[in-house]
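Going letter by letter, the sequence shown gives residues 50 to 496 in the numbering used here.
See below for the structure under consideration.
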Amino acid sequence: MSQRSHAHIRDFHDDDLEGIVRLWELSHDRGETPVYSLAEVIASCQADHAVVAVSGDRILGAAVGRAAHAQGWIVFFRIDDDRTPALDAERIGAALLDRLERRMAPLGLGKLSVIVSDAAQGVPHLTGNGFEVRHHLRYFERPLPVQRRELDLLKEVGGRILPRRLWHNVAGMAREKLLLEERLVTPLAHPELAARYGVLPPRAVMLFGPPGTGKTTFAKAVASRLGWPFVEVFPSRLADSPAGLPAALRQTFEVIAELEHAVVFIDEVEEIASRRRGDPPSPTQGVTNELLKLLSEFRELEGRLLICATNFVRALDAAFLRHGRFDYVLPIGLPDADARRAIWIRYVPAGVVDGIDLDALVDASEGLTPADIEYAVRRAAQDALAGALQGAPVATTTGAIVLPDVDESPVQLETRHYQRALRSTRATVSKSAVRDFLEDIDALARL
Ligand SMILES: Nc1ncnc2c1ncn2[C@@H]1O[C@H](COP(=O)(O)OP(=O)(O)O)[C@@H](O)[C@H]1O
Ligand SMILES: [Mg+2]
Numbered sequence: 050m051s052q053r054s055h056a057h058i059r060d061f062h063d064d065d066l067e068g069i070v071r072l073w074e075l076s077h078d079r080g081e082t083p084v085y086s087l088a089e090v091i092a093s094c095q096a097d098h099a100v101v102a103v104s105g106d107r108i109l110g111a112a113v114g115r116a117a118h119a120q121g122w123i124v125f126f127r128i129d130d131d132r133t134p135a136l137d138a139e140r141i142g143a144a145l146l147d148r149l150e151r152r153m154a155p156l157g158l159g160k161l162s163v164i165v166s167d168a169a170q171g172v173p174h175l176t177g178n179g180f181e182v183r184h185h186l187r188y189f190e191r192p193l194p195v196q197r198r199e200l201d202l203l204k205e206v207g208g209r210i211l212p213r214r215l216w217h218n219v220a221g222m223a224r225e226k227l228l229l230e231e232r233l234v235t236p237l238a239h240p241e242l243a244a245r246y247g248v249l250p251p252r253a254v255m256l257f258g259p260p261g262t263g264k265t266t267f268a269k270a271v272a273s274r275l276g277w278p279f280v281e282v283f284p285s286r287l288a289d290s291p292a293g294l295p296a297a298l299r300q301t302f303e304v305i306a307e308l309e310h311a312v313v314f315i316d317e318v319e320e321i322a323s324r325r326r327g328d329p330p331s332p333t334q335g336v337t338n339e340l341l342k343l344l345s346e347f348r349e350l351e352g353r354l355l356i357c358a359t360n361f362v363r364a365l366d367a368a369f370l371r372h373g374r375f376d377y378v379l380p381i382g383l384p385d386a387d388a389r390r391a392i393w394i395r396y397v398p399a400g401v402v403d404g405i406d407l408d409a410l411v412d413a414s415e416g417l418t419p420a421d422i423e424y425a426v427r428r429a430a431q432d433a434l435a436g437a438l439q440g441a442p443v444a445t446t447t448g449a450i451v452l453p454d455v456d457e458s459p460v461q462l463e464t465r466h467y468q469r470a471l472r473s474t475r476a477t478v479s480k481s482a483v484r485d486f487l488e489d490i491d492a493l494a495r496l
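Okay, structure coming up:
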C-alpha cells in the first residue's frame, strides 16, 4: 500500500468486467447497500457509459452512468481502497467522475445524480467534485412481482397483476380480513417467519358462503395484497378445448407451475367437484378426479395459492374437502353492522355521506349482502339524478343533448333516497339460505 499507484483513466472495455464485478462485491462486502444490482451495473457498462481507473492490469476504480432523458444517473462508483492509498484514491475518484461527466455531457444532460447508501465510501469524492447532498429526500423501491420472461406464461393462462388497493377497498368484514391476513397473507408473504414458528404456508383454501358476500372480492384482494399475479381458471371455457376438460385443466396447471408466484382462483368450484353420485358415475366424475390429482401436485409447489369459492359447499365431493387438500375452509358470510357501515361509507359519494343518517341505513340493510347494498346505492343515485333533471326540460338542438343547468346546484341525495332504494332491494340471501349457511359453518368450516 505504500507504493504509489500510477492509475490511468480510460473508457471501459469488456475485459474490465471481472474487475467491475470485484469492485461491486467489495461494496457489497462492506455493507454498502447497492441501489443498482450487479446485473444492472454490468448492463450499463456494456450499453451506457463506463470509465475505469487502471494500474497495470488492475482495475482500481470505476464510474458507470446512464442517461434518462435530461438527467444522468451514476449507477456505480467505487474505488478499490484496499489497493489504493488514500491520497491516490482522492485523485482517482475525482478523475473518474470528471471523465464520466465529460463522456456524458454531449447527451444534453441537465444534471448528473447519484444515490448512495449511508455507508457508501465515495461520498467525499462526490462532494469534492461539486455534487451536493440533497436533503429531505427518501428513496423508495418496490420489486415488481412479475419478471419479463413470465409475461408470456401469464398471458397464456389469462393471469394478471391486480391493482394494489384491492385489499384496502374491501370495506368492513374485519373478522374475515383478519383471518385471511393471519392464515394466508402473513405466512405466504413471510415464509421465513412462518417457518420459525413452524407454521406451514397454506397451499389451498376454500371460501364458501351465499352469493354476493365477497368471495371473489376476497380472492382478488389476497392476490393484490401479496402482489402475486391472479390467475382465474374458468372450467366452463376449458370445457370447449378439443382435448377435453380434464386435459385442458392439466395443461393450465402445468403453465401455472412455471410461474414464480400465483394466486389461482376457481369460482363456483362445485360445478366441477360436486358430490360423486350414482353408478354409472356422472360426467363430471373424471374432472373431479383430475382436479384432486392436480391439487395434490399443486400442493408440492411453493409460492402459489389456490383459492376455490363455492355457494354450495355441502354439494362438494367429500374427498375434495378431506384434510390435507384444503388448509382452510372459510365461511364468508353476510356483513355485520360494522361491515355494513363501512360498505355504505365506501359506496355513498364522499360529498354526500356527511349528511346521511348512516345508523338508519345500517339497520335497514341488515340481511343484505355487499352486492345488494351496492345495488341500492346505485339505484338511489340514479333516482336522485333523474329527480334533479326533472322539471328542467332537456333541450335538444341539432340532435345534440343539452343538459339543463344542474351542474352547479348542490347534489340532492339524501337518506330518504337510500331508504326508498332499500325498500325495492330484495335480499339475495333468503332466511333459509342463512340457516343453511350456519349449518354449513358447523359441519364443514375449518378455520
Ligand atoms: N366487503 C366489501 N366491500 C365493498 N364491496 C364489496 C364487499 N364485498 C363484496 N363487495 C361487492 O359486492 C359485489 C359482489 O361481491 P363478490 O365478491 O362477487 O361476491 P361473491 O363472489 O361472494 O358472490 C362486488 O361488486 C363487490 O365489489
Ligand atoms: Mg363470486
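Ideal Cβ placement from N, Cα and C applies to all residues, glycine included.
- Inter-segment contact for the segment 476-493 and the segment 257-265 is present: three or more beta-carbon pairs are separated by less than 8 Å.
- One thing to note: His98 has its Cβ no nearer than 8 Å to the Cβ of Val84.
- DSSP places Ile356 in the uninterrupted beta strand (DSSP E) bounded by Arg353 to Thr359.
- Put simply, the residues with a CB less than 6 Å from any heavy atom of ligand 2 are Lys264, Thr265, Asp316 and Ala358, in chain order.
- Using a Cβ-Cβ distance cut-off of 8 Å, the segment 458-468 and the segment 428-437 are in contact, since at least three pairs of beta carbons, one from each stretch, lie closer than that value.
- For Ile305, the shortest C-beta to heavy atom distance toward ligand 1 is 7 Å or greater.
- CA-CA distance, Val378 to Pro192, rounds to 32 Å.
- Trp277 sits in coil when the DSSP states are folded into three classes, being neither helix nor strand.
- Within the same chain, and ignoring the five residues on either side of Glu415 in sequence, the residues whose Cβ sits closer than 8 Å to its Cβ are Ala386 and Arg389.
- Distances taken from the Cβ of Thr474 to the heavy atoms of ligand 1 include none shorter than 7 Å.
- Counting C-beta pairs closer than 8 Å gives fewer than three between the segment 331-350 and the segment 235-245, which falls short of the contact rule.
- Of all alpha-carbon atoms in Val163, Asp366, Trp122 and Leu229, the one lying nearest the alpha-carbon of Leu156 is that of Trp122.
- Distances between the C-beta of Ala420 and the heavy atoms of ligand 1 include at least one below 7 Å.
- One thing to note: Leu233 has its Cβ no nearer than 8 Å to the Cβ of Val172.
- Under the 8 Å Cβ criterion, the segment 281-295 does not count as touching the segment 356-371, having fewer than three qualifying pairs.
- In this structure, the beta-carbon distance from Pro251 to Leu354 falls below 8 Å.
- Close CB contacts of Phe126 within its chain, under the 6 Å cut and outside five residues either way in sequence, are with Ala112 and Gly171 (chain order).
- Within its own chain, the residues whose Cβ lies closer than 8 Å to the Cβ of Thr176, once the five positions on either side in sequence are excluded, are Val182, listed in chain order.
- A straight line joining the alpha-carbon of Val426 with that of Lys226 spans about 23 Å.
- Per DSSP, reduced to three states, the secondary structure at Gly177 is helical.
- Inside the segment 185-247, DSSP marks whole alpha helix (DSSP H) runs of 4 or more residues at positions 200-205, 215-218, 223-229, 235-238 and 240-245, from first to last along the chain.
- When the beta-carbon positions are compared, Val280 and Val313 come within less than 8 Å of each other.
- In this structure, Glu339 sits away from Arg286, with a CB-CB distance that is not shorter than 8 Å.
- Distances taken from the Cβ of Ile392 to the heavy atoms of ligand 1 include one shorter than 7 Å.
- Residue pairing from DSSP leaves Phe347 without any beta-bridge partner.
- Taking 8 Å as the cut-off, the Cβ atoms of Ile394 and Ala116 do not count as close.
- Around the C-beta of Thr418, 16 or more other C-beta atoms lie within 10 Å, and the residue is accordingly described as buried.
- The beta carbons of Thr265 and Asp201 sit no closer together than 8 Å.
- Here DSSP, grouped into helix, strand and coil, assigns Ile392 to helix.
- Distance from the CA atom of Arg224 to the CA atom of Leu215, rounded to whole angstroms, is 17 Å.
- A distance below 6 Å between beta-carbons, with the five flanking residues on each side excluded, links Arg152 to the following residues of its chain, in chain order: His98.
- Using a Cβ distance threshold of 8 Å, Ile164 and Ala102 do not count as a contacting pair.
- Distances from the CA of Gly80 to each of Ala138, Asp167 and Arg197 were compared; the closest alpha carbon is that of Asp167.
- Residue environment analysis places Thr333 among the buried positions, since at least 16 neighbouring C-beta atoms fall within 10 angstroms of its C-beta.
- Shown here, Pro419 sits in a helix according to DSSP, grouped into three states.
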